[in-house]
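As you go down the protein sequences, you meet chains A and B in turn.
Counting along the first sequence from 1, when you hit position 101 you're at 103 in this note's numbering, and nothing is skipped either side.
Counting along the second sequence from 1, when you hit position 93 you're at 101 in this note's numbering, and nothing is skipped either side.
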Amino acid sequence: TQLLEQSPQFLSIQEGENLTVYCNSSSVFSSLQWYRQEPGEGPVLLVTVVTGGEVKKLKRLTFQFGDARKDSSLHITAAQPGDTGLYLCAGTYRFYNQGGKLIFGQGTELSVKP
Amino acid sequence: DAMVIQNPRYQVTQFGKPVTLSCSQTLNHNVMYWYQQKSSQAPKLLFHYYDKDFNNEADTPDNFQSRRPNTSFCFLDIRSPGLGDAAMYLCATSQNKFLSRLAGEGDTQYFGPGTRLTVL
Chain A
3 TQLLEQSPQF
13 LSIQEGENLT
23 VYCNSSSVFS
33 SLQWYRQEPG
43 EGPVLLVTVV
53 TGGEVKKLKR
63 LTFQFGDARK
73 DSSLHITAAQ
83 PGDTGLYLCA
93 GTYRFYNQGG
103 KLIFGQGTEL
113 SVKP
Chain B
9 DAMVIQNPRY
19 QVTQFGKPVT
29 LSCSQTLNHN
39 VMYWYQQKSS
49 QAPKLLFHYY
59 DKDFNNEADT
69 PDNFQSRRPN
79 TSFCFLDIRS
89 PGLGDAAMYL
99 CATSQNKFLS
109 RLAGEGDTQY
119 FGPGTRLTVL
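Below you can see the structure in the form of structure tokens.
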């Protein structure tokens with residue numbers, strides 16, 4: 003059974019602070035996605051990381067994929083109230099010939115206060 | 009431009025009254041997924057279609073069925089909704105190549121905005 007442990011599950015910070023969210027697993031994933039979800043909406047893709055050790059940046063967000071492709075982190079610099087939402091990491095476990103199954107972390111509820 | 013579209017965005021049904029949720033995509037992806045998401049939880053996969061091949065998750069209740077009449081459309085049918093079926097239902101798509109070694113980016117799933125189902 004593939005599991006993805008995401009932490010922290012809740013995070014409340016002040017505007018301007020930095021934060022890091024972690025996703026860890028004992029399984030190797032072919033890729034890992036990070037999504038952001040707002041209430042009443044579907045998850046919106048932020049990034050896909052594929053290669054072990056890969057680092058991708060999206061404005062103030064930095065995503066890293068572990069060398070062994072078992073873990074990932076999301077770092078937000080100078081958080082803003084607009085960053086508030088549910089952040090989901092999801093690793094792809096690839097079927098032989100039937101597409102990929104997403105293994106989700108538990109999610110991180112981020113609240114950034116002005 | 010919307011790539012994965014779900015209708016309706018909000019659906020209210022009565023206990024036991026069949027309901028159908030629809031999903032369409034403009035991405036021409038070969039895989040379509042249906043997820044159930046309850047409050048403060050991660051999405052839970054119900055089933056997926058790889059082209060026309062239907063793949064059911066082992067713990068998906070028989071009450072949930074799906075149809076994919078063509079590449080662009082996929083439907084979720086709930087035959088007899090119970091109070092416990094009230095949730096957000098998410099459709100997602102991805103493009104996967106048979107026996108492709110070019111995994112990774114091709115496994116990315118793109119989600120629609122979801123349909124919020126209320127059961128009275």
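Glycine included, every Cβ here is placed at the ideal spot set by N, Cα and C.
No experiment lies behind these values; they were computed from the predicted model shown.
Buried or exposed for residue i, please, with buried defined as at least 16 other CB atoms from any protein chain shown within 10 angstroms of its CB.
i: T28 (chain B); result: exposed
i: R109 (chain B); result: Because R109 (chain B) carries a pLDDT of 48, less than 50, the predicted location of this residue cannot be relied on, and no value is offered for it.
i: L112 (chain A); result: buried
i: K103 (chain A); result: buried
i: Y148 (chain B); result: Given a span of 9 to 128 for chain B in the structure shown, any question on residue 148 (chain B) remains unanswerable.
i: F106 (chain A); result: buried
i: G54 (chain A); result: exposed
i: V30 (chain A); result: exposed
i: S48 (chain B); result: exposed
i: L107 (chain B); result: For L107 (chain B), the pLDDT reaches just 46, beneath the cut-off of 50, and the residue's location in the model is therefore unreliable, although a value from the coordinates is still provided. Per the 10 Å Cβ criterion, exposed.
i: G18 (chain A); result: exposed
Tell me, to the nearest whole angstrom, how far the beta carbon of residue i is from that of residue j; I am working on the premise that it is less than 8 angstroms.
i: Y37 (chain A); j: A92 (chain A); result: 7 angstroms
i: A94 (chain B); j: G109 (chain A); result: With 8 angstroms as the limit, A94 (chain B) and G109 (chain A) do not qualify as a contact, their Cβ atoms being about 19 angstroms apart.
i: H56 (chain B); j: Q103 (chain B); result: Not quite, the Cβ-Cβ distance comes to about 13 angstroms (not below 8 angstroms), so this is no contact.
i: Y89 (chain A); j: V46 (chain A); result: The Cβ separation is near 11 angstroms, so there is no contact.
i: D70 (chain B); j: P26 (chain B); result: About 13 angstroms separates the two Cβ atoms, so there is no contact after all.
i: A43 (chain B); j: L98 (chain B); result: Per the sequence shown, the amino acid found at residue 43 (chain B) is Tyr instead of Ala. Between L98 (chain B) and Y43 (chain B) the Cβ distance is about 4 angstroms, and since that is below 8 angstroms, they are a contact.
i: T116 (chain B); j: Q14 (chain B); result: Contact flag wrong, Cβ pair sits at about 18 angstroms.
Look at the Cβ atom of residue i, then the Cβ atom of residue j, and state whether they are nearer than 8 angstroms.
i: V57 (chain A); j: Q66 (chain A); result: yes
i: S74 (chain B); j: F81 (chain B); result: no
i: T86 (chain A); j: V114 (chain A); result: yes
i: S27 (chain A); j: E7 (chain A); result: yes
i: Y118 (chain B); j: L35 (chain B); result: yes
i: L34 (chain A); j: S74 (chain A); result: yes
i: T126 (chain B); j: V20 (chain B); result: yes
With distances taken Cα to Cα, identify the nearest neighbour of residue i among the options.
i: G84 (chain A); options: A:F12, A:R62, A:T94; result: A:R62
i: G92 (chain B); options: B:D61, B:F119, B:F72; result: B:F72
i: G24 (chain B); options: B:W42, B:Y18, B:G90, B:K52; result: B:G90
i: A100 (chain B); options: B:A66, B:D61, B:T79, B:V39; result: B:V39
Along the stretch 8–36 of chain A, where does the CB come closer than 7 angstroms to a CB of chain B? Name the residues.
S32, S33, Q35
Near-chain A residues of the stretch 67–82 of chain B (beta-carbon distance less than 9 angstroms), N- to C-terminal order:
none
Which residues, in chain order, does the stretch 41–59 of chain A contribute to contact with chain B at a C-beta distance below 8 angstroms?
G42, E43, G44, P45, V46, L47, T50, V52, T53
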